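J.: For the sequence shown, the positions run 5 to 600 when our numbering is used.
Yeah, the Cβ is synthetic: ideal placement off N, Cα and C, and Gly gets one too.
Here the structure is a predicted model, which is why all the values come from computation and not from measurement.
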Amino acid sequence: MCGIIGSVGRDGETLDVLVHGLSKLEYRGYDSAGVALTGDGLQTRKCAGEIDDLRAELEHEPPAGVVGIGHTRWSTHGPPTDENAHPHQDCTGDVAVVHNGIIENYQSLRDELVAAGHTFESDTDTEVVPHLIEDALADGAGPEAAFRSAISKLEGSYAVAAVVDGTEAIFAARNDSPLVLGIDDDAYYLASDVPAFRDHTDRVVYLEDGEFATLRADEWIVSDGTGETVEKAVNTVDWDPEETGKSGYEHFMLKEIHEQPRALRQCLRGRVDELAGEVDIGDLADLSPTGVQFVACGTSYHAALYGAQLLREAGIPAQAFLASEYATATPPIGDALVVGVTQSGETADTLSALREARRRGARTLAVTNVVGSTAARECDHVLYIRAGPEIGVAATKTFVSQLAALNLLALGVTNCPDARETIAALRELPSDTQAILDDSTAESVAEQYADASAYFFIGREHQYPVALEGALKLKEITYKHAEGFAGGELKHGPLALVTDDTPVFAVVTGDDATATKLVGNVKEVEARDAPVVAVTDGQSDVERYADEVLRIPETHPRAAAVLANVQLQLVAYHTAARLGRSIDKPRNLAKSVTVE
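1. Using a Cβ distance threshold of 8 Å, determine whether the region 462-481 contacts the region 519-534, with at least three qualifying pairs required.
2. For the candidate residues Ala564, Ala195, Asn239, Asp197, whose alpha-carbon lies nearest to that of Thr437?
3. Does the Cβ of Gln111 have 16 or more other Cβ atoms within 10 Å, making it buried, or fewer, making it exposed?
4. Can you round the beta-carbon distance between Gly74 and Thr42 to whole angstroms, since I take them to be within the 8 Å contact cut?
5. Leu22 to Thr426, Cα distance in whole Å?
6. Taking only three categories from DSSP, how would you classify Ile304?
7. Alpha carbon to alpha carbon, how far is Asp44 from Gly170?
8. Could you tell me which residues DSSP puts in a beta bridge with Gly7?
9. Where does Ala517 land, buried or exposed, given buried means 16+ other C-beta within 10 angstroms?
10. Given that a residue counts as buried once 16 or more other Cβ atoms are within 10 Å of its Cβ, and exposed if not, what is Lys250?
11. Could you check which residue in Val102, Gly416, Thr233 has the C-alpha nearest to that of Asp284?
12. Helix or strand or just coil, what does DSSP make of Ile174?
13. Comparing alpha-carbon positions, which option in Val570, Ala308, Ala429 lies nearest Glu282?
14. Taking Arg59 as the reference, which of Ser27, Arg202, Arg555 has the closest Cα?
15. Could you check if Ala519 is buried or exposed, using at least 16 other CB atoms within 10 Å of its CB as the buried criterion?
16. Please confirm whether Ala324 and Ala312 have their CB atoms less than 8 Å apart.
17. Just how far apart, CA to CA, sit Gly338 and Tyr330?
18. With C-beta atoms as the reference, is Gln297 less than 8 Å away from Arg390?
19. Just confirm the distance between the C-beta atoms of Glu615 and Ala221, as a whole number of angstroms; I'd bet it's less than 8 Å.
20. Measure the Cβ-Cβ separation of Val241 and Val198 and say whether it is below 8 Å.
21. Pro293 to Gly286, Cα distance in whole Å?
22. Measure the C-alpha to C-alpha separation of Leu358 and Thr372 and round it to an integer number of angstroms.
23. Helix, strand or coil, according to DSSP, for Ala550 in the structure here?
24. What three-state label does DSSP hand Asn179 in the structure shown?
25. Can you pull the DSSP bridge partners for Ser161?
26. Suppose contacts are defined by Cβ-Cβ distances below 8 Å. Is Glu131 in contact with Glu260 by that definition?
27. Excluding sequence positions up to five away, which residues of its chain have a Cβ less than 6 Å from the Cβ of Ser79?
28. I need the straight-line Cα distance from Glu613 to Arg49, nearest angstrom please.
29. Evaluate contact between the region 115-124 and the region 172-184, counting only Cβ atoms and requiring at least three cross-stretch pairs below 8 Å.
30. When you compare only the Cα positions, how much space is there between Gly144 and Ala166?
31. Mind listing, in chain order, the continuous alpha helix (DSSP H) runs of no fewer than 4 residues lying wholly within the region 265-319?
32. In the DSSP assignment, what are the bridge partners of His92?
33. Counting C-beta neighbours from all protein chains within 10 Å, is the total for Asp56 16 or more, i.e. buried, or is it exposed?
34. Can you tell me whether DSSP reads Val526 as helix, strand or coil?
35. Distance check for Ala307 and Val449, CA to CA, integer angstroms please.
36. Could you say if the region 376-389 and the region 403-423 meet the contact criterion of at least three C-beta pairs nearer than 8 Å?
As structure tokens, this is what we get:
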């Protein structure tokens, strides 16, 4: 959500670097964009709409400068308009600022500034920052000191970057919102996420909360709130910039669905020993939790529900909580291990929940995709899912990798009675997933039901989180009403919504008592003339009652959930494509939700 890019040291290429960086941040979600460059005066260009609209604006009168910052805004305070787009300036036009996050005390600051004679041009909380810098400059402070003075007055979450006319430097600060530096031989970069500058360098420095950064053409300095220099490690990003391209696919989402076999191999590599019937998750095997509380949001919450069930099956009490509820009404923790499941490692609600757990003395574990993310740095332990960069807003390969990683965690910290069978099934997941991608009939199913009035998804046990995720994927990218239920809950209310225009996707695997019960649920909706799409391995007789069938290979029940999910991802994608939706950038949504 929102994106920042900054560049120093590229001289005549600064504008190109900024616009290219903004295009790499589009996946985060945005509704306006802008840039500010300084060198021979401070020049800004910004507008509501997409980056192509900004490009058109820049063609008329491109700004020049050796230092620059850019921004993609996702609206919080004020609608998406030219005036509300970033960067924002002070009254003199000498300061430009971009900001991610929410300044909680902006109204009181704005009231004070207006009373002091400042004029505001936007509805945003961000605009108080350049005016605060302006005041400090007027009082005789230098640019860096003025920036620090302004930051010291802010309450809330922020990643802020500023440029000042006559000073060839970028000043930045972070609190509860991600900010990373890119270190090249002859230039330095600043961004919300690595893809913004990955085409230029693979060396990065992650800022911590409360840290400041100053970037000049010949140096970069990170300091704390008192101005003391902080020694920072320079990390190397281990993925290729081409991984953030579409590689010939029409959409990032389709590309990432097809990358799932590789993502699963990366997640499992070096961690499973099929012959010994063991997994290797390093020191995490020593956690020996007596109870586990998962905290997560959205797709990651569905993975958390799945992970909690795995642990309960192995005899460890486990619950999954929505992170936004956990952070404000934390249940008793006791000696439970608190596990934050977060694709980006920057999800604000999940970070708040983890921090609350730590304040209460709990051990914390992050299950995340991003090395060096806030969750990875702040938690006591971390388990990386190794999915590789994911650009599409709707999570796909990160979800299947989360499911695989949570299987490894459950196997590693418990005495699972069927560990050998589970591990064998996990080892087959990449090839089984590829088989689905090669043979799926999801496109024809999507074509048949694209105009339905609503969609329902049902499952039980391991397949219940998959039903929830299937509904979420469909609603995210098609904008159609979709709901997921535990199969047994249909008769407790949702059946009132079932008609001959509401397809029901039933995830039925195996031939045990659970499958038999779900087949009974299928009969309930069939009796009400609802079309039934069965996602099945063919072991039950659900096909007798289904109008369409999406097949998955026979496998262990835990692995079957991963495979069924792949079929539902394809249904969502092809339905959205049939409806002409903006698949990679669905309306109102952002990839990384960094505000609560």
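T.: The answer reads as follows:
1. yes
2. Ala564
3. exposed
4. The pair is not a contact, with the Cβ atoms about 13 Å apart (cut-off 8 Å).
5. 48 Å
6. With the sequence shown as reference, residue 304 is identified as Ser, and Ile is not the correct amino acid for it. If DSSP states are grouped into helix, strand and coil, Ser304 belongs with the helices.
7. 8 Å
8. Thr76
9. exposed
10. exposed
11. Gly416
12. strand
13. Ala429
14. Ser27
15. buried
16. yes
17. 15 Å
18. no
19. Here the chain covers residues 5 to 600 and nothing more, so residue 615 does not appear.
20. yes
21. 15 Å
22. 13 Å
23. coil
24. strand
25. Ile106
26. no
27. Asp35
28. The structure shown does not extend to residue 613, since the chain spans only 5 to 600, so no value can be given for it.
29. no
30. 18 Å
31. 302-317
32. Val101
33. exposed
34. helix
35. 25 Å
36. yes
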